[in-house]
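Undergrad: Start counting the sequence shown at 1; every next residue gets the next number (our numbering). Please see the structure below; I have some questions.
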Amino acid sequence: MRVLGLPGDGIGKEVVGSAVDVLKEVASDIELDYALIGGCAYDTTGTPLPEETIDKVKKADAVLLGAVGGSKWDKLNHNLRPEAGLLKVRSHMKVFANLRPVRIFRSLLSASPLKEDIIDGVDLIIVRELTGGIYFGKPRGIEIKDGVYSGYNTLVYTTPEIERVARVAFELAKKRKKRLTSVDKANVLESSRLWRDTVDKIADDYPDIELNHMYVDNCAMQLIRDPKQFDVILTQNLFGDILSDEASMIAGSLGMLPSGSIGDGTGLYEPVHGSAPDISGTDMANPIGAILSAAMMLKYSFDMIELADKIEYAIESVLSRGIRTPDIAFGAKEIVGTKKMTEYIIDEIGGV
Ligand code: IPM
Ligand code: MG
């Protein structure tokens, strides 16, 4: 099991450190290597995704990424920004399906800004298309046209791109509650019209899955009004980005959400949160999203489901003792930093 760590910027370094410590605890035969991505890669090599990193990605069985970005690099040209490094590595690895599970740890029910009876029992997963759509469509740019600046992007999806991610979502639904909600904006966008028709065609192969279509604006509202109605949510890149941040509030904090991106080969695992420059270096970051991402790696890349369960169980148990990072402090018995939270989780794993 060759795992490549790409800590990136800001709290990315801290939380990948935590996730790696947990991985070492449960799977001693993991071979680790590290490489640069994002702003720190730009600072040392002049590009946010250096060749050396790409070479190491090719050799890895799975990649664990922290986060990229920070105000220091905000003025850079689009291609040189830290985020460009992240998008390039996703595209290079062809990880077209990004799985973002949203589940509630019972002891965190009161940490969510939503009412407990609305969120109690939520267990949903967002399948976000990750290597297409408006993030990658061409043409794109900022130009002067007829004397005024014009900024433009292209939202395009092809049938094969929709089909392959839809199949991932249907297969997941098969192993879960057998409900799939495909989210689009088919009342306005042609790309969404094709999305909907294509998902309908794939549905013929999955007669036991209950499929419904929902407009994205309605979905944003339903996620707050009644999140329990959802099992698997399938959607395009941009909508998935937005809806997953929204859905993180069900789990109490963006710091709790893991993600795993899969395609034809090596998987890429990263917490949903960003680099949080405001708390970077203060040992305040919640490492749980990253640790749960490492658990997803064990599950999806290495088929080590029991070990993944063990990590989740340990997290549940530490939280139930009232041990919290500042972002989930509501009802805490003890507020701890990144390192201490990681130690508690590792101790708990050792004791299982
Ligand atoms: C995410 C992030 C990224 C995205 C950014 C950092 C480019 O928000 O993984 O959700 O938009 O995909
Ligand atoms: Mg995002």
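From the three backbone atoms N, C-alpha and C, an ideal C-beta is built for every residue, glycine too. Since the structure is predicted, the reported quantities are computational estimates derived from the model, not experimental observations.
1. Please work out which residues of its chain come closer than 6 Å, Cβ to Cβ, to G255, disregarding the five sequence neighbours upstream and downstream, and give them in chain order.
2. Can you tell me whether G133 is helix, strand or coil according to DSSP?
3. Would L292 and A27 be called neighbours here (beta carbons separated by less than 8 Å)?
4. Give a yes or no on contact between the segment 197-207 and the segment 224-232, applying the rule of three or more CB pairs nearer than 8 Å.
5. Can you name, in chain order, every residue of its own chain whose Cβ lies under 8 Å from the Cβ of G322, other than the five neighbours on each side?
6. Tell me whether E14 counts as near the ligand IPM, meaning its Cβ is closer than 7 Å to at least one heavy atom of that ligand.
7. So, do the segment 182-195 and the segment 154-170 have three or more beta carbon pairs nearer to each other than 8 Å?
8. Taking only three categories from DSSP, how would you classify V232?
9. Does the beta carbon of D9 fall short of 7 Å from some heavy atom of the ligand MG?
10. My output table needs one value for H213: the three-state DSSP class, helix, strand or coil.
11. Just grab the DSSP bridge partners of I288 for me.
12. Beta carbon of D327: closer than 7 Å to some heavy atom of the ligand MG?
13. According to DSSP, which residues form a beta bridge with N79?
14. Check the C-beta distance from K94 over to T131 and give it rounded, since I have them as a contact under 8 Å.
15. Y269 bridges to which residues according to DSSP?
16. Just tell me which of V89, K24, D29 and D303 has its CA closest to the CA of G38.
17. Would you check if the distance between the CB atom of P113 and the CB atom of G66 is smaller than 8 Å?
18. Take the Cβ of I311 as the centre, count every other Cβ of all protein chains shown within 10 Å, and call the residue buried at 16 or more, exposed below.
19. Where DSSP assigns a beta bridge to Y149, which residues make up the other side?
20. Under a three-way DSSP split, which group does R103 fall into?
21. Taking the alpha-carbon of P101 as reference, which of V127, H92 and A84 has the nearest alpha-carbon?
22. Mind listing which residues have their beta carbon within less than 5 Å of any non-hydrogen atom of the ligand IPM? Chain order is fine.
23. DSSP state of A27, grouped into three classes?
24. Contact check, E25 vs I349 under 8 Å by CB: the rounded distance?
25. Can you list, in chain order, the residues of its chain whose CB lies under 7 Å from that of R167, leaving out five sequence neighbours each side?
26. So D184 is in the beta strand (DSSP E); what residue range does that whole segment cover?
27. Mind checking whether G10 and S280 have CB atoms under 8 Å apart?
28. Alpha carbon to alpha carbon, how far is F96 from P48?
29. To the nearest angstrom, report how far apart K145 and E246 are at their CA atoms.
TA: In this structure, then:
1. Locating residue 255 in the sequence shown gives position 255, counting from the first residue. Within its own chain, the residues whose Cβ lies closer than 6 Å to the Cβ of G255, once the five positions on either side in sequence are excluded, are H273, N286, G289 and D327, listed in chain order.
2. Locating residue 133 in the sequence shown gives position 133, counting from the first residue. Three-state DSSP puts G133 in a helix.
3. As a working note, residue 292 is residue 292 in the sequence shown. As a working note, residue 27 is residue 27 in the sequence shown. L292 places its beta carbon 8 Å or farther from that of A27.
4. Flag = no, the segment 197-207 and the segment 224-232 do not touch.
5. Numbered from 1 along the sequence shown, position 322 holds the residue referred to as residue 322. Contacts found: S107, G331, A332, K333 and E334.
6. Position 14 of the sequence shown, counted from the start, is the residue given in the question as residue 14. Every heavy atom of the ligand IPM is 7 Å or more from the Cβ of E14, so no.
7. Yes, the segment 182-195 is in contact with the segment 154-170.
8. The sequence position of residue 232 within the sequence shown is 232, counting from 1. Residue state for V232 is assigned as strand, using DSSP reduced to three classes.
9. Within the sequence shown, the letter at position 9 stands for residue 9. Every heavy atom of the ligand MG is 7 Å or more from the Cβ of D9, so no.
10. Position 213 of the sequence shown holds residue 213. Three-state DSSP puts H213 in a strand.
11. By one-based count along the sequence shown, residue 288 stands at place 288. Paired residue(s): none; I288 is not in a bridge.
12. Here residue 327 corresponds to residue number 327 of the sequence shown, with the count starting at 1. For the ligand MG, not one heavy atom lies less than 7 Å from the Cβ of D327.
13. Translated into the one-based positions of the sequence shown, residue 79 becomes position 79. DSSP links N79 through a beta bridge to no other residue.
14. Here residue 94 corresponds to residue number 94 of the sequence shown, with the count starting at 1. Here residue 131 corresponds to residue number 131 of the sequence shown, with the count starting at 1. Between T131 and K94 the Cβ distance is about 6 Å, and since that is below 8 Å, they are a contact.
15. For the purposes of this step, residue 269 is identified with residue 269 of the sequence shown, where counting begins at 1. In the DSSP assignment, Y269 is bridged to L64 and G260.
16. As a working mapping, residue 38 is identified with position 38 in the sequence shown. The shortest Cα separation from G38 among V89, K24, D29 and D303 belongs to V89.
17. Counting from one through the sequence shown, the residue named residue 113 turns up at place 113. Counting from one through the sequence shown, the residue named residue 66 turns up at place 66. With a cutoff of 8 Å on beta-carbon distance, P113 and G66 are scored as not near each other.
18. Position 311 of the sequence shown, counting from 1, holds the residue named residue 311. The Cβ neighbour count for I311, taken over all protein chains shown within 10 Å, is at least 16; the residue is labelled buried.
19. Here residue 149 is taken as the residue at index 149 of the sequence shown, counted from 1. Its beta-bridge partners are I144.
20. For this step, residue 103 is matched to residue 103 along the sequence shown. It is a strand residue.
21. To locate residue 101, count along the sequence shown from 1; it is residue 101. For P101, the closest C-alpha among the options V127, H92 and A84 is that of V127.
22. The chain-ordered list of residues whose CB is nearer than 5 Å to some heavy atom of the ligand IPM reads E83 and D241.
23. As a working mapping, residue 27 is identified with position 27 in the sequence shown. Coil.
24. Taking the sequence shown and counting its residues from 1, the one referred to as residue 25 is at position 25. Taking the sequence shown and counting its residues from 1, the one referred to as residue 349 is at position 349. With 8 Å as the limit, E25 and I349 qualify as a contact, their Cβ atoms being about 6 Å apart.
25. Walking along the sequence shown from the start, residue 167 turns up at place 167. Answer for R167: I202, listed in chain order.
26. For the purposes of this step, residue 184 is identified with residue 184 of the sequence shown, where counting begins at 1. D184 -> beta strand (DSSP E) spans R179 to D184.
27. Within the sequence shown, residue 10 is the residue found at index 10, counting from 1. Within the sequence shown, residue 280 is the residue found at index 280, counting from 1. S280 is positioned such that its CB atom lies closer than 8 Å to that of G10.
28. For the purposes of this step, residue 96 is taken as residue 96 along the sequence shown, with counting starting at 1. For the purposes of this step, residue 48 is taken as residue 48 along the sequence shown, with counting starting at 1. About 21 Å.
29. Walking along the sequence shown from the start, residue 145 turns up at place 145. Walking along the sequence shown from the start, residue 246 turns up at place 246. Near 36 Å, if we compare the C-alpha coordinates of E246 and K145.
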